[in-house]
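What the sequence shown shows, in mature numbering (1 follows the signal peptide of the UniProt record, and there is no 0), is residues -30 to -1, 1 to 925, in sequence order.
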Amino acid sequence: MMSSKRSHKLLLLHFAIFCLLLLQENCTEANVILCKESERKTLLEFKQSLQAVDSSGNDVLSSWKSKECCGWVGVSCNNLTGYVEKLDFRSKFKDVAGTISSSLLKLHHLRLLDLSYNDFNGSVIPEFFGSLKKLRYLDLSNANFGGSIPSNLGNLSMLETFRLGGNGEGLFYRHNIGNMFTVGKLEWLSHLSFLRGLDLSFVSLSSADDWSQVINKLPFLEELSLSHCDLSSISPSFSFTNFSTSLTSLDLSGNSLTSSSIYPWLFNVSSNLVSLDLSMNQLKGPIPEAFGNMITMQELYLSHNQLEGEIFKSFGNMCSLAFLDMESNHLSTFGIVQNTSLSCTRYSLRELSLAHNQLKGNSVLNEITKLPSLSVLDLGYNLLNGTIKESIGQLPNLKVLRLAGNAFDNVVISEAHFSNLTKLRSLDLSYSYLTLKISSGWSPPFQLGFMLLCSCKIGPSFPIWLRTQTALVFLDISASEISDSLPDWFWNLVDSLVYLNMSFNQINGTLPHELRYKRHLDLSSNNFTGPLPMSLYSLWSLNLSKNKFTGSVSAICNIMEKWSLYLLDLSYNVFSREVPVLNLADNSLSGPVPSSLGSLASLEMLSLRGNKFSGELPSSLHNCKMLKFLDLSNNELSGEIPKWIGQSLSSLLFLSLRRNQFKGKMPHQLCGLKYVQILDLSLNNISGSLPSCFNNFTSMAQKLSLDQRIEHVFRKFFVIPFDPKYVDEALLTWKGTKQRYAKILGLLLAIDLSCNKLTGEIPEELTNLQQLIALNLSRNSLIGKIPQKIGQLRQLEVLDLSRNKFSSNIPTSLSELTFLSTLDLSYNYLSGKIPTGRQLQLFDPSSYSHNQGLCGPPVSPDCSMVEPPQVEHTREGEEDSINEFMKWFYTGTGLGFAVGFWGFCCVVFFKRSWRHSYYRFLDNTKDWLYVSFILMKTRLMKRIKALPTSCRRSG
């Protein structure tokens, strides 16, 4: 009986399954719409407040039109019920922005919501997210949310994966990198008891004193990321006891954790850890042997700490360890496989990074050759030296080899060192100064994608074996002592390259008629000749400076119009046409500055220094709002300084209009350049008074963190190992001499307004620029007193106020400028005693010359024999009476001159003897004046040669 009932039930079950299959087939044939109409309307309502584009810039949400919403991009439905279960806006879109509508609450079956890697412009996380109670997966990381975290997210009791901050990836796409959220108590997090993955990266937990207790209440937690959370210590009570067996991945990187705060509990709760990241903390001293007890560990990241000594042999017992990153520490000894009989790590280790340590000698390389499974080896920027054994070429699985930045001076490597590296894809030997002694007929066993051999000795012949490397995308053979002609086959080989650098060699040759596909091309400092290619495609960066290119540059005009050119340097060539460029310094270009330059909206650096451009600046340049470096010095530009420079080019760090023909007043709009570090308007015809808003120059007024170099990093090169950089270079007059600055240009904070026609007094606001290093106002017509608060410029090293009309005493605060090394107050009307102090008496007396009223060291021993100049002080009534007297005085003088002149003329006209005597007197006077003039001219020329020449308009 029971058997019969069981058979009956099985029959019904099979029949039901058959009906379902038949129904699914019929539905498919009839093309039945799975999407629920109510949810379709909800999604359309949700769409209204969002903007989403794909990698081509097309609006993806415009495809949300069909009746079948389950097929829309980013939407996934249950195959049986048709309810929307997933909204994934991460992988399907390039960028999503806008406002998130509360209409999502109508999607009652939503289990996954991924809004990561988008841009919501710092908006707060919507409160209603806490009502999506069926969510299993919520990812809001790297989406540019801000503000506080709503505590009602604790209502999502079924949540298994929660990503809130950022895990470091993609953050360089954001303008503001740092802690994106503020957080107080985290008690609400303890309600998410089913969590398996939690990512709070870049969420500041410095004020959340309960974070360790809360996380300890999540018993099923497998992955925990607290990267860059402002953690400085961990409570001893934080033992991970509730999930010591479940936790497999722990990321505590980017905090301020010390060895004493992290080691005690880590080694007690790490029995099942597979991945551990403690990089970018403050771990010091030797590496604890207890790491060797983590036998399940597969990935260990300890980079960017202060660990020292040797890598303990106990690592050799970690038989599952595949990835070991200990970059940027103070390690000096390897030691991981010294005892090969006990080391099982030698068979498991696949990726090893020990770059930027203090490893010495060549023993490290000898040990590493005993790691047969190694696929990635990075020993860059250590102190390795000595010979390199050929056994390194016997690592059959090696894909990445990096020995850059070591001291292998003149060490020779040959093809034998690469004999068995058949899987090698990336080779970086740059700045290791190795000598590659390779026969021209060598056929490498590998196909490289990345080859960096900068500063290795490859020449003098061009390496013929490069012809076999058809998969290259990145090639750097700069400064490799090649002095040969470029072979014809080379340009066919490199069509697939995105980065090519052959600079600082002596390579001869011409460029092909057409260059394709390269993103970064640097051929500077060679002997290339001939015209530029007529077609240049897809270039982002082009440096052809210091060659011998000639003729037309019309191809450059085309590339500027069609592609996103970030860098262009054609300086020090033999071009003669007037063309719009980015860096054409020190050529012979003439004519007006092309207005088409204004179309380069992404331009950051423009240098036309040392040419013959004339006329006014084109107003179209105000479109270049990203300009940081503008050097138009040593040209023949004229007109008034445009107001739009201060209004539109507010990102400028460097502005030089030196040695041109600008005139008119200095526009107060220049004070809008709050980031400017160097302002040079010297050697022009600028008149009027100094603006009183100089204190708006934030970089000069406040102590900020300045980079040594003013450089441009092109983050768009995400397909290459590092970001190309271009360091700006400028010619500046520093302490009386003209010098070229590049690597430390960003450390200078200077204002040079010398050799103009400025009048009025120095505004008091100028003394607020407390970080200013150099100030030159010489050779103008400035009057009044030197500001008493000039001593506030405590970083000042150079001060030149010479050849003006300053009067009164030298401020005593000037003696407080302890860094002052160059001072010139000569040729003014200063008086009184030179203030005593540690600095002012050490300068040469010429620094104070031609100020008749000054006394005291170093001008004179004391002030007893010096009379101060007489200065008349009058009251307002006395001034009125003097003005009235002078009016009548000049009237009487004019009448007297008229009467005397016409009386004399009448006498000479009517009395002949007087007339002849007068003419003889004029002849004698003329002869005397001629002789006197010649003598005076000779003496004057001698004096002129002895005068200072700092403002002569030469060079």
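Every residue, glycine too, gets a C-beta built ideally from N, C-alpha and C.
Where does residue i sit, in a helix, a strand or coil, going by DSSP?
| i | result |
| --- | --- |
| M596 | coil |
| V646 | coil |
| T908 | helix |
| E531 | In this prediction, E531 has a pLDDT of 47, which is less than 50 and means its spatial position is unreliable; what the coordinates show is noted afterwards. Looking at E531 - three-state DSSP - the assignment turns out to be helix. |
| V901 | helix |
| L456 | coil |
| E606 | strand |
| S182 | helix |
| G305 | coil |
| N471 | strand |
| T737 | helix |
| F132 | strand |
| R913 | helix |
| C289 | coil |
| L322 | strand |
Pick from the options: whose alpha carbon is nearest that of residue i?
| i | options | result |
| --- | --- | --- |
| Y87 | L110, S72, Q268 and W181 | L110 |
| F432 | T440, L406, G419 and A178 | L406 |
| residue 927 | G262, T895, N726 and L578 | A question about residue 927 goes unanswered here, because the residues of the chain that appear run from -30 up to 925. |
| L790 | L769, Y536 and V66 | L769 |
| C654 | F632, K673 and G286 | Going by the sequence as given, residue 654 is Asn instead of Cys. Among F632, K673 and G286, the Cα nearest to that of N654 is on F632. |
| N332 | T357, Y317, S323 and L344 | T357 |
| L50 | P588, K359 and I3 | I3 |
| S182 | L800, W459, S409 and I204 | I204 |
| K673 | F624, Q740, L736 and F664 | Q740 |
| R60 | Q21, I914, T729 and D84 | D84 |
| E610 | L623, L597, L627 and L600 | L627 |
| G286 | I338, S241, Q252 and N299 | I338 |
| S778 | L168, F859 and Q758 | Q758 |
| P96 | L105, H78 and I70 | I70 |
| L368 | L349, S345 and H387 | S345 |
| L277 | N263, S603, T303 and C289 | T303 |
| V173 | T152, L105, L129 and S608 | T152 |
| L341 | P256, C314 and L442 | C314 |
| S396 | V443, D247 and F624 | V443 |
List the DSSP bridge partners of residue i.
| i | result |
| --- | --- |
| M421 | L397 and L445 |
| Y542 | Looking at the DSSP assignment, Y542 forms no beta bridge with any residue, so it has no partner. |
| residue 933 | Lying outside -30 to 925, the shown extent of the chain, residue 933 is not represented and no answer is given. |
| V768 | A744 and T792 |
| M575 | F599 |
| V173 | F151 |
| S659 | T729 |
| L567 | Its beta-bridge partners do not exist; DSSP assigns none. |
| I383 | L406 |
| E269 | S245 and F293 |
| I721 | L649 and L745 |
| P256 | DSSP lists no partner for P256. |
Would you mind giving the Cβ-Cβ distance between residue i and residue j, rounded to the nearest angstrom? I have them listed as a contact below 8 Å.
| i | j | result |
| --- | --- | --- |
| L481 | L502 | 6 Å |
| L57 | G44 | 6 Å |
| M472 | L493 | 6 Å |
| L108 | F132 | 5 Å |
| S318 | L335 | No, S318 and L335 are not in contact; Cβ-Cβ is about 20 Å, not under 8 Å. |
| S229 | L196 | In fact, because the Cβ distance is near 18 Å, the residues do not count as touching under 8 Å. |
| S453 | N475 | 7 Å |
| L509 | L491 | 6 Å |
| L347 | L322 | 6 Å |
Output yes or no for whether 9 Å exceeds the beta carbon distance between residue i and residue j.
| i | j | result |
| --- | --- | --- |
| S669 | K644 | yes |
| S515 | N478 | no |
| K582 | N605 | yes |
| L134 | L102 | no |
| residue 933 | L763 | Outside the displayed range of the chain (-30 to 925) lies residue 933, so it cannot be described from this structure. |
| P781 | K803 | no |
| I185 | L201 | no |
| K187 | S216 | no |
| C663 | E735 | yes |
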